[in-house]
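The structure under discussion appears below in the form of structure tokens.
Residue numbers (this note's numbering): 37 to 248.
Written out as structure tokens, the structure reads:
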């Protein structure tokens, strides 16, 4: 893959839905260049990540950012963060829910705004990909509810998978999204958009924790 963000980590939930995320991104290709560009300024890294994650989780607060030696091109780029998340987890009488995925690519976030058809080919600026494995940690006094069904599909330009598995009292959410090719031809655009919308809606799948 030419450009892949690879996130791995955990999100610890409390009974109110507030969460603390600890995660690392070890990107490949162009995604690594973006990390080097935006996070190679000491003293500004927290603000930079706040700006990034604020697009997905308003009210998020970055408490810690660590990076590899981003100015050393012989060292793989890596960024590790700790973030407090509010507003994503929703608490109810019997438990709480949390979205399966919330840091989505620009393509899935804007897919609903695309027109249904085009009269010219669409140029993809780069081959893009995302791969993540995030463990949702159950709040004290709660356990996982019924796991959502796994979702996967592969089209000419969009490949997607989302799966859930139990690990003790936690839920491991694994997700992959890849865009293939550099040009979406007019004849393929409708299916391209439909698959992006399908991925965006799958990301909104709610994971449930219930009272023990």
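We treat Cβ as the ideally placed atom computed from N, Cα and C, and that holds for glycine.
Short of 7 Å from the beta carbon of residue 130, and not among the five residues preceding or following it, lie these beta carbons of its own chain, in chain order: 246, 247.
Taking 9 Å as the cut-off, the Cβ atoms of residue 136 and residue 120 do not count as close.
DSSP, reduced to helix, strand and coil, places residue 222 within a helical segment of the structure shown.
In the three-state reduction of the DSSP assignment, residue 51 falls in the coil class, being assigned neither a helical nor a strand state. Collapsing the DSSP output to three states places residue 110 in coil. Two segments are said to touch when three or more pairs of C-beta atoms, one from each, lie closer than 8 Å; by this definition the segment 218–235 touches the segment 183–201.
Beta-bridge analysis with DSSP links residue 126 to 133.
Here DSSP, grouped into helix, strand and coil, assigns residue 229 to helix.
A direct Cα-Cα distance of roughly 32 Å separates residue 66 from residue 125.
Per DSSP, the continuous beta strand (DSSP E) segment holding residue 168 begins and ends at 165–173. A straight-line Cα-Cα distance of about 7 Å links residue 122 and residue 53. In the three-state reduction of the DSSP assignment, residue 150 falls in the coil class, being assigned neither a helical nor a strand state. Assignment of beta-bridge partners to residue 56 by DSSP yields 48, 120.
The beta-carbon separation of residue 165 and residue 39, rounded to 6 Å, stays under the 8 Å limit for a contact.
With a cutoff of 9 Å on beta-carbon distance, residue 220 and residue 160 are scored as near each other.
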